[in-house]
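> Counting from 1 along the sequence shown, just add 99 to a position and that's the residue number in this note's numbering. Pasting in a structure now, in structure tokens, and then I'll have a few things to ask.
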Amino acid sequence: MTATPEMVRPTGSEELQLNSTGMRVTIGFFVVVPLLAVLAAIPVAWGGWLSWVDVILAFTFYAIASLGITLGYHRHFTHGSFKTGRTMKIVLALMGSTALQGSVAQWVADHRKHHKFSDEVGDPHSPWRYGTSTRAVAKGLFYAHVGWLFDESQSPVVRYAPDIQNDRDLRAISRWFPAIVVGTLLLPAVLGGLITMSWTGALTAFFWATLVRIALVHHVTWSINSVCHVFGTRPFDSRDMSSNVWWLALPALGENWHSLHHAEPTAARHGVLKGQLDISALVIRSLERLHLVRDVRWPRPERVVAKLKDPAMASRVRGYRAAAAPVS
Ligand SMILES: [Zn+2]
Ligand SMILES: [Zn+2]
100 MTATPEMVRP TGSEELQLNS TGMRVTIGFF VVVPLLAVLA AIPVAWGGWL SWVDVILAFT
160 FYAIASLGIT LGYHRHFTHG SFKTGRTMKI VLALMGSTAL QGSVAQWVAD HRKHHKFSDE
220 VGDPHSPWRY GTSTRAVAKG LFYAHVGWLF DESQSPVVRY APDIQNDRDL RAISRWFPAI
280 VVGTLLLPAV LGGLITMSWT GALTAFFWAT LVRIALVHHV TWSINSVCHV FGTRPFDSRD
340 MSSNVWWLAL PALGENWHSL HHAEPTAARH GVLKGQLDIS ALVIRSLERL HLVRDVRWPR
400 PERVVAKLKD PAMASRVRGY RAAAAPVS
């Protein structure tokens with residue numbers, strides 16, 4: 100057994116240093132460069148190895164897997180931000196399984212443990228585990244992004260997710276996980292082949308809507324663990340290093356507003372300041388209107404304002420109306 104390293108987080112001026120050029124280069128290496136490589140390949144491949152069929156399939160399978168993680172695995176199963184009926188519960192668990200991030204029970208256990216020990220010893224994926232020097236944070240970012248997945252010690256499901264483990268439907272879906280993996284890997288190719296009636300169509304759909312899609316879903320989810328605990332702004336009081344990183348808003352479907360999420364984990368909306376796009380919250384709102392989800396824990400503006408580090412930002416909180424100043 101290896102000793103757990105002491106967690107050291109930055110304070111004051113140290114924190115400013117971490118937002119320096121060296122650190123931006125590091126994060127670029129992990130997240131931005133592979134993404135740019137894929138984007139650069141698009142014009143080269145367009146018309147030959149990439150068609151509208153591939154784009155639509157990739158977009159659709161990305162939305163299914165990502166919403167399965169943000170709405171299902173995260174906001175519903177981990178944090179209970181809303182309630183659902185049995186059918187919707189099964190649909191969300193199946194959708195989340197297509198993201199290839201493991202069974203719902205293990206995901207929930209890891210994530211609840213992350214909230215319990217956030218950026219302290221015991222956090223399964225804190226980027227601060229090796230210290231605060233540039234070198235230590237670079238190593239920590241890699242660990243938080245992907246390295247932690249290879250750690251042998253897993254968060255115990257019996258302790259952190261007994262509610263998930265005791266659910267018969269969710270247990271059945273976990274048992275079927277290998278079949279779901281095969282399905283999410285092959286279905287885009289089958290659809291691409293049938294729509295275009297060609298082997299090339301099947302192959303390009305497999306490349307874009309399976310391989311590229313899964314890589315993107317993985318890196319975006321992992322970025323919340325790595326990037327959103329190191330870079331960005333921290334408007335809310337949350338005891339840890341969780342932060343808001345605006346440029347992840349679109350691909351992360353609103354999970355990038357991570358500072359509020361750690362301050363108020365059960366809230367169904369993470370983007371609570373004006374102008375913060377939270378697509379997952381928009382989808383929850385639509386499902387609520389359709390009566391597919393209920394008892395949604397929408398954040399209360401007064402509570403949100405109370406968690407702000409700077410009270411002067413209150414006017415930026417959605418739905419908040421300050422009490423009129425008393426007339427003297
Ligand atoms: Zn976090
Ligand atoms: Zn969470």
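For each residue, glycine too, the CB sits at the ideal point set by N, CA and C. From a predicted model like this one, the values you see are computed outputs, not experimental measurements.
Threshold first: 4 residues or longer. Then list the alpha helix (DSSP H) segments lying entirely within the stretch 233 to 302, N to C.
233 to 244, 256 to 259, 261 to 264, 267 to 274, 276 to 295
> Which residues in the same chain as histidine 178 place their Cβ atom closer than 6 angstroms to its Cβ, once the five residues preceding and following it in sequence are excluded?
Pro364, Thr365
> Just mark arginine 174 as buried or exposed, buried being the case when its beta carbon has 16 or more other beta carbons within 10 Å.
buried
> Quickly, what does DSSP pair threonine 169 with across the bridge? List them, please.
Its beta-bridge partners do not exist; DSSP assigns none.
> If you measure between the beta carbons of histidine 361 and serine 337, is that distance less than 8 angstroms?
yes
> Does the beta-carbon of proline 334, which I'm using as the reference point, lie nearer than 7 angstroms to any heavy atom of ligand 2?
Incorrect: proline 334 has no Cβ contact closer than 7 angstroms to ligand 2.
> Hey, how far is the Cα of phenylalanine 176 from the Cα of proline 410?
32 angstroms
> Whole angstroms are fine: how far does the CA of tyrosine 161 sit from the CA of proline 255?
29 angstroms
> I'd like the list of long-range same chain contacts for glutamate 354, defined as Cβ closer than 6 angstroms, with 5 residues on each side in sequence excluded.
Thr169, Ile323
> Rank Ser180, Asp266, Ala413 by C-alpha distance to the C-alpha of lysine 373 and give the top, closest one.
Ala413
> Quick one: what's valine 392 bridged to in DSSP?
Thr183
> Threonine 332 by DSSP, collapsed to three states: which one?
In the structure shown, threonine 332 sits in a strand (DSSP, three-state: E or B).
> Kindly give me the distance between the Cβ atoms of methionine 187 and leucine 391, rounded to whole angstroms, as I take these residues to be in contact under 8 angstroms.
Between leucine 391 and methionine 187 the Cβ distance is about 5 angstroms, and since that is below 8 angstroms, they are a contact.
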